[in-house]
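Working notes for the structure below.
Number of protein chains: 2
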Amino acid sequence: MYNWEQVRDKVNAFVDNLKFEREPLELYKPIRYTLAQSGKRVRPVLCLMAYNLYKDTIDEALYPAVAMETYHNYTLIHDDVMDRADIRRGKPTVCAKWGDTTAILSGDTMLLLAYEFLAANAPADKLPQMLALFTETAKEVSDGQQYDLDFEKRSDVTEQEYMEMIRLKTSVLIAASLKMGGLVAGASESDLENLYAYGETMGLAFQLQDDLLDVYGDVEIFGKKIGGDIRCNKKTFLLIKTMELASPAQLAEINGWISNPACDDDAKVAYFTSLYTSLGVKDICEKRICELFAKCDAFIDNLSVSPERKANLKAFADSLLNRNL
Amino acid sequence: MYNWEQVRDKVNAFVDNLKFEREPLELYKPIRYTLAQSGKRVRPVLCLMAYNLYKDTIDEALYPAVAMETYHNYTLIHDDVMDRADIRRGKPTVCAKWGDTTAILSGDTMLLLAYEFLAANAPADKLPQMLALFTETAKEVSDGQQYDLDFEKRSDVTEQEYMEMIRLKTSVLIAASLKMGGLVAGASESDLENLYAYGETMGLAFQLQDDLLDVYGDVEIFGKKIGGDIRCNKKTFLLIKTMELASPAQLAEINGWISNPACDDDAKVAYFTSLYTSLGVKDICEKRICELFAKCDAFIDNLSVSPERKANLKAFADSLLNRNL
Chain C
219 MYNWEQVRDK VNAFVDNLKF EREPLELYKP IRYTLAQSGK RVRPVLCLMA
269 YNLYKDTIDE ALYPAVAMET YHNYTLIHDD VMDRADIRRG KPTVCAKWGD
319 TTAILSGDTM LLLAYEFLAA NAPADKLPQM LALFTETAKE VSDGQQYDLD
369 FEKRSDVTEQ EYMEMIRLKT SVLIAASLKM GGLVAGASES DLENLYAYGE
419 TMGLAFQLQD DLLDVYGDVE IFGKKIGGDI RCNKKTFLLI KTMELASPAQ
469 LAEINGWISN PACDDDAKVA YFTSLYTSLG VKDICEKRIC ELFAKCDAFI
519 DNLSVSPERK ANLKAFADSL LNRNL
Chain P
219 MYNWEQVRDK VNAFVDNLKF EREPLELYKP IRYTLAQSGK RVRPVLCLMA
269 YNLYKDTIDE ALYPAVAMET YHNYTLIHDD VMDRADIRRG KPTVCAKWGD
319 TTAILSGDTM LLLAYEFLAA NAPADKLPQM LALFTETAKE VSDGQQYDLD
369 FEKRSDVTEQ EYMEMIRLKT SVLIAASLKM GGLVAGASES DLENLYAYGE
419 TMGLAFQLQD DLLDVYGDVE IFGKKIGGDI RCNKKTFLLI KTMELASPAQ
469 LAEINGWISN PACDDDAKVA YFTSLYTSLG VKDICEKRIC ELFAKCDAFI
519 DNLSVSPERK ANLKAFADSL LNRNL
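From first to last, the protein sequence lines are chains C and P.
For the record, in the first sequence the residue sitting at position 62 is 280 according to this note's numbering, with numbers rising by one throughout.
For the record, in the second sequence the residue sitting at position 147 is 365 according to this note's numbering, with numbers rising by one throughout.
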């Protein structure tokens with residue numbers, strides 16, 4: 219049994235060992251660059267920890283685990299093109315560094331590499347299920363990104379719609395990573411469902427945490443400019459909840475900020491930050507995150523594995539909770 | 219045994235029956251739009267005709283065949299974003315009609331659908347090989363597109379480099395479509411190699427034909443503006459060969475046209491068209507196409523199937539030769 223730091227070390231070593239020296243270099247350089255960024259590697263670690271619930275070694279599941287990470291990184295490259303983002307993890311995005319064309323094409327190749335890794339040493343009897351899980355998940359992630367883009371043009375997004383969008387855009391991949399690990403390890407159908415539900419719930423918590431960090435986080439740790447969501451009028455949980463709770467006078471003021479592209483951005487961030495706090499939306503969001511993490515525990519409890527193995531997985535979730543609040 | 223018109227009818231009916239009614243509609247509408255365009259469906263027809271060499275019915279191979287077509291259409295959507303193309307098959311491209319963001323994301327989902335179709339009813343014992351063929355081919359197509367983009371910035375592209383680029387960008391998918399059909403049907407390793415070589419050679423012929431049609435084609439049938447390659451200084455077989463054969467004086471004149479973005483585009487097209495003809499490059503290209511199609515026949519002759527079945531496959535290649543010259 220491995221603890222999550224050991225698992226992450228294994229993932230890092232495995233990823234470092236992928237050379238991507240294939241020609242044309244212009245295509246593979248951005249792939250190396252993206253995968254080398256020191257992300258938290260949440261998805262492959264979860265995949266391997268789920269596998270490790272049932273098996274004592276984890277090397278056999280490194281390829282599918284890294285498939286999930288490669289897939290995730292491809293979505294970031296393409297999302298950054300669509301969102302016109304310049305900075306990611308404190309560094310220039312692929313589209314900012316090499317241009318949109320390279321970002322589109324390198325991203326496409328990364329998605330192909332994800333499939334290649336997934337199939338690399340998959341047990342023949344599990345491959346169809348692994349593929350079905352992977353492809354359906356990836357389709358849902360695309361759906362989520364489309365909803366996210368649609369929401370930019372709408373002013374009546376409900377909390378429910380928002381939660382469904384982040385479930386698709388963020389949670390299903392976390393869920394599928396855990397389920398993939400269990401699937402490759404031969405876990406029971408019931409355990410696979412619990413692993414999926416665990417990841418789905420944890421993914422929602424992560425995303426709400428991200429919304430919060432965008433406003434209240436530490437720029438050094440967060441790796442992005444604080445208030446980015448506020449600056450671009452992103453409909454986050456905080457904004458949607460605020461518009462639900464605001465008085466008519468506050469609502470008019472909010473719409474004034476949102477509809478004025480020439481406004482002072484720093485003043486706008488300060489205004490919304492103070493409003494989120496005073497209306498109690500920050501507290502609501504924090505409470506929601508805690509509730510979601512508590513629900514996660516119940517899904518782990520349902521798993522048919524020893525308490526030590528469950529504790530090991532829980533320790534990783536704890537390490538991600540309130541990571542820099 | 220089916221003739222190619224019957225095979226294409228089956229493909230068309232199958233594609234028409236794919237509804238893509240999944241939400242969000244904004245994501246699936248461009249996919250329906252793209253797949254509904256009346257392309258020649260060369261790849262799925264070849265896949266099914268290869269399958270039909272070994273099996274009497276073809277319904278079992280419709281999914282992998284349509285996977286190849288879906289994949290091909292995804293590359294067109296993304297290539298049009300990268301090439302800033304507005305018109306494709308006589309209609310607005312997805313990026314022109316819905317914008318780059320939709321084109322990127324719908325294209326991504328189409329690639330996922332291609333994998334879904336590929337795995338849909340694949341025989342479990344063939345799936346790993348099918349996946350490996352598909353993914354390696356798609357990686358090569360991306361490599362080819364990258365070389366194509368690189369060549370735009372270079373003035374010293376050789377004929378050999380050009381042929382390798384079009385092999386990757388165009389031929390390997392034709393080759394893989396044929397091999398896929400044979401693979402699903404259980405063809406021998408030697409037949410699979412011949413099917414692949416046949417497609418690879420035919421793909422080169424197609425691309426040279428496309429280069430020729432871009433200059434000498436009929437706009438009604440070609441579906442694109444004539445001289446598009448000349449207008450954007452695309453290094454086609456014709457231009458590369460012309461620069462090889464041109465006198466120093468002609469070369470200076472050619473470079474004058476190429477380096478002058480403010481030149482009269484129609485005059486430029488007229489100049490290059492007349493030069494290609496007078497230098498004999500049009501003839502060289504036509505001769506090369508004929509040679510390639512002749513080589514194709516040899517690969518078909520090597521196949522271990524009856525002469526009638528071979529004749530059936532040859533008839534399709536003939537229908538594509540000189541399609542509107």
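Built from N, CA and C at the ideal position, the CB exists for glycine as well.
Asked	Found
Chain P contact for Asp297/C (CB, 7 Å cutoff)	no
CA nearest to the CA of Leu426/P, picked from Asp277/P, Lys505/P and Met328/P	Lys505/P
Nearest-angstrom Cβ-Cβ length linking Thr460/P and Val499/P, presumed shorter than 8 Å	5 Å
Where the alpha helix (DSSP H) through Glu244/P begins and ends	Leu243 to Ala254
Any chain C beta carbon closer than 7 Å to Tyr544/P	The question about residue 544/P has no answer here: the residues shown for chain P are numbered 219 through 543.
Within-7 Å CB hit, Asn542/P to chain C	At Asn542/P the pLDDT is 41, less than 50, meaning the model places this residue with poor confidence and gives no usable figure here.
Proximity test, Cβ basis, 7 Å: Glu377/P and chain C	no
Spatial distance of Asn542/C from Ile322/P (CA atoms)	At Asn542/C the pLDDT is 41, less than 50, meaning the model places this residue with poor confidence and gives no usable figure here.
Leu410/P beta carbon less than 7 Å from that of Asp429/P	no
Closer than 7 Å to chain C by CB, Gln364/P	yes
Burial state of Val359/P, where buried means 16 or more other Cβ atoms lie within 10 Å	buried
Where the region 298-316 of chain C meets chain P: residues whose CB sits under 8 Å from a CB there	Val299 and Met300
Own chain residues within Cβ distance below 6 Å of Ala582/C, not counting five before or after	The structure shown has nothing for residue 582/C, since chain C only spans 219 to 543.
Collapsed DSSP secondary structure at Pro479/C in the structure displayed	coil
Strand pairing of Lys309/P, partner residues [DSSP]	Arg306/P
The region 280-292 of chain P / the region 237-247 of chain P touching (three or more Cβ pairs under 8 Å)	no
Check whether Asp483/P and Arg449/P have beta carbons under 7 Å apart	yes
Simplified DSSP assignment, three categories, for Arg240/P	coil
Residue burial classification, Asp501/P (beta-carbon count within 10 angstroms, cutoff 16)	exposed
Residue-chain proximity (Tyr281/P, chain C), Cβ-Cβ < 7 Å	no
Among Gly421/C, Glu418/C, Val299/C and Gly445/C, nearest to Leu431/C - alpha-carbon criterion	Gly445/C
Given 8 Å, three or more beta-carbon pairs between the region 349-366 of chain P and the region 332-344 of chain C	yes
Proximity to Met381/C [Cα-Cα], best of Glu370/C, Ala423/C, Gly257/C and Ser406/C	Ala423/C
Contacts of Ala337/P in chain C (Cβ-Cβ under 9 Å)	Leu345, Pro346, Leu349, Ala350 and Thr353
Chain C contact for Thr319/P (CB, 7 Å cutoff)	yes
Anticipated Cβ contact below 8 Å, Thr252/C with Ile295/C, distance rounded	6 Å
Contacts that Lys357/C makes with chain P (C-beta to C-beta distance below 7 Å)	Thr327 and Leu330
Length of the line joining the Cα atoms of Lys309/C and Tyr489/P	48 Å
Coil, strand or helix - Thr376/C by DSSP	coil
Reference Val390/C; option with closest CA among Cys265/C, Ala403/C, Asp301/C and Gln224/C	Cys265/C
Cys514/P burial status per 10 Å Cβ neighbour count (16 or more: buried)	buried
Short CB-CB distance (under 7 Å) between Tyr333/P and chain C	yes
Run of the alpha helix (DSSP H) containing Cys508/C, from where it starts to where it stops	Val499 to Asp519
Any chain P beta carbon closer than 7 Å to Ser360/C	yes
Cα-Cα separation, Ser496/C to Ala480/C	25 Å
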